[in-house]
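Student: Please see the structure below; I have some questions.
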Amino acid sequence: KNATATDAQEVVAAIREEVAAVVSRPAAQAVRIQYGGSVKAGTAAEFMRQPDIDGLLVGGASLDPTEFARIVQYRRHAF
8 KNATATDAQE VVAAIREEVA AVVSRPAAQA VRIQYGGSVK AGTAAEFMRQ PDIDGLLVGG
68 ASLDPTEFAR IVQYRRHAF
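Sequential numbering of the sequence shown, starting at 8, is according to our numbering.
Printed below as a string of structure tokens:
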């Protein structure tokens with residue numbers, strides 16, 4: 008089962024909190040964390056709306072030029 012955007016947000020928020028505890032709160036805010044699970048054009052905007060997800064690491068979908076272009080242009084379809 009693929010993670011939902013909410014699932015990914017929970018994990019990324021926990022990572023950010025761990026960075027804050029181990030390093031500092033400013034470091035936790037400055038670090039950029041990408042989601043690297045299953046991403047498709049239809050889910051990219053949902054992942055990117057999450058407050059702690061800073062980017063997407065696109066895997067298999069990047070092999071389809073049309074799908075990849077739609078992911079890259081997710082902001083056009085987000086709202």
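Every residue, glycine too, gets a C-beta built ideally from N, C-alpha and C.
(1) Quick one: what's residue 63 bridged to in DSSP?
(2) Rounded to whole angstroms, what is the Cα-Cα separation between residue 12 and residue 56?
(3) Cα separation between residue 26 and residue 34?
(4) Does the Cβ of residue 82 have 16 or more other Cβ atoms within 10 Å, making it buried, or fewer, making it exposed?
(5) Could you give the distance in angstroms between the alpha-carbon of residue 70 and the alpha-carbon of residue 20?
Tutor: A quick look at the data gives this:
(1) Locating residue 63 in the sequence shown gives position 56, counting from the first residue. Note: residue 63 sits in a beta bridge opposite 42.
(2) What you label residue 12 is simply residue 5 of the sequence shown in a count that begins at 1. What you label residue 56 is simply residue 49 of the sequence shown in a count that begins at 1. Their backbone Cα atoms lie some 9 Å apart in a straight line.
(3) The sequence position of residue 26 within the sequence shown is 19, counting from 1. The sequence position of residue 34 within the sequence shown is 27, counting from 1. Between residue 26 and residue 34, the C-alpha separation is close to 7 Å.
(4) For the purposes of this step, residue 82 is taken as the residue at position 75 of the sequence shown. Classification for residue 82: exposed.
(5) Taking the first residue of the sequence shown as position 1, residue 70 is located at position 63. Taking the first residue of the sequence shown as position 1, residue 20 is located at position 13. Straight-line Cα distance between these residues: approximately 29 Å.
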